[in-house]
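full-length UniProt numbering numbers the first residue of the sequence shown as 1 and each following residue consecutively.
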Amino acid sequence: MLRFRNDPTLPAPLFPGSHMVIDDDYVFLSGLTAVDIQGGETVIGNTAEETRLVMRRIQRMLVSAGCDMTDVVRVDVHITDLDEIRKMDAAYAEFFDACRYPARTCTQSPRIYGGARVEITVMARRPAESRDATPASEADPERS
Numbered sequence: 001m002l003r004f005r006n007d008p009t010l011p012a013p014l015f016p017g018s019h020m021v022i023d024d025d026y027v028f029l030s031g032l033t034a035v036d037i038q039g040g041e042t043v044i045g046n047t048a049e050e051t052r053l054v055m056r057r058i059q060r061m062l063v064s065a066g067c068d069m070t071d072v073v074r075v076d077v078h079i080t081d082l083d084e085i086r087k088m089d090a091a092y093a094e095f096f097d098a099c100r101y102p103a104r105t106c107t108q109s110p111r112i113y114g115g116a117r118v119e120i121t122v123m124a125r126r127p128a129e130s131r132d133a134t135p136a137s138e139a140d141p142e143r144s
């Protein structure tokens with residue numbers, strides 16, 4: 001069964017989509033930028049800090065779906081300047097065990113919404129124990 005969720009701490013999407021889609025086996029997170037996160041405007045323009053802020057929010061969203069960063073299997077990163085990739089990589093690597101990085105694609109995108117430099121999209125495989133459990137935030141069947 002597919003569950004479509006919006007994180008109540010993020011602004012409603014400005015596009016026809018959801019922040020998160022959960023199925024029996026996977027969690028899919030839409031692209032997230034520092035602009036999407038309250039207070040994120042303070043780090044806009046700093047590639048490493050934008051990456052850290054977004055990755056911390058991704059961690060939180062995954063936990064709400066019964067996952068954690070060790071469950072991430074694929075990441076897509078859009079960055080406005082590939083010359084900044086080392087800064088992004090250093091911040092990104094802080095969130096994973098060195099021998100367990102997920103598959104990843106990183107592309108230069110000349111323009112990201114709101115002037116952000118980094119946008120990150122994630123796919124995670126749900127652990128077996130969370131597949132049978134409904135996340136607490138799903139107690140209300142209404143789309144949040």
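Beta carbons are placed, not taken as given, at the ideal position from N, Cα and C, and that holds for glycine.
As the structure is a computational prediction, the values presented were derived from the model and not from experiment.
Pairwise C-alpha distance: residue j and residue i
{"i": "ASP71", "j": "LEU32", "result": "18 Å"}
{"i": "SER64", "j": "PHE15", "result": "22 Å"}
{"i": "LEU10", "j": "CYS99", "result": "32 Å"}
Nearest to residue i (by Cα), restricted to the options the options
{"i": "GLY45", "options": "ILE79, PRO102, ASP68, ARG100", "result": "ILE79"}
{"i": "GLU119", "options": "ASP7, ARG100, ARG57", "result": "ARG57"}
{"i": "ARG117", "options": "ARG3, SER18, ASP24, GLU41", "result": "GLU41"}
{"i": "ILE85", "options": "THR51, GLU129, GLN38", "result": "THR51"}
Residue i vs residue j beta-carbon contact at 8 Å
{"i": "ARG126", "j": "GLY66", "result": "yes"}
{"i": "LEU29", "j": "THR121", "result": "yes"}
{"i": "VAL54", "j": "MET123", "result": "no"}
{"i": "ALA90", "j": "ALA48", "result": "yes"}
{"i": "MET61", "j": "ASP7", "result": "yes"}
{"i": "THR105", "j": "ASP81", "result": "no"}
For residue i, the first and last residue of its enclosing alpha helix (DSSP H)
{"i": "ILE22", "result": "Careful: ILE22 lies outside any alpha helix (DSSP H), inside the beta strand (DSSP E) at 20 to 22."}
{"i": "TYR92", "result": "85 to 93"}
{"i": "residue 147", "result": "In the structure as shown, the chain starts at 1 and stops at 144, and residue 147 therefore has no counterpart that could be examined."}
{"i": "LEU62", "result": "47 to 64"}
Residue i - containing beta strand (DSSP E), residue span
{"i": "GLN108", "result": "103 to 108"}
C-beta neighbour in chain D for residue i, strict 8 Å
{"i": "CYS99", "result": "Chain labels in this structure do not include chain D; a single protein chain is all it has."}
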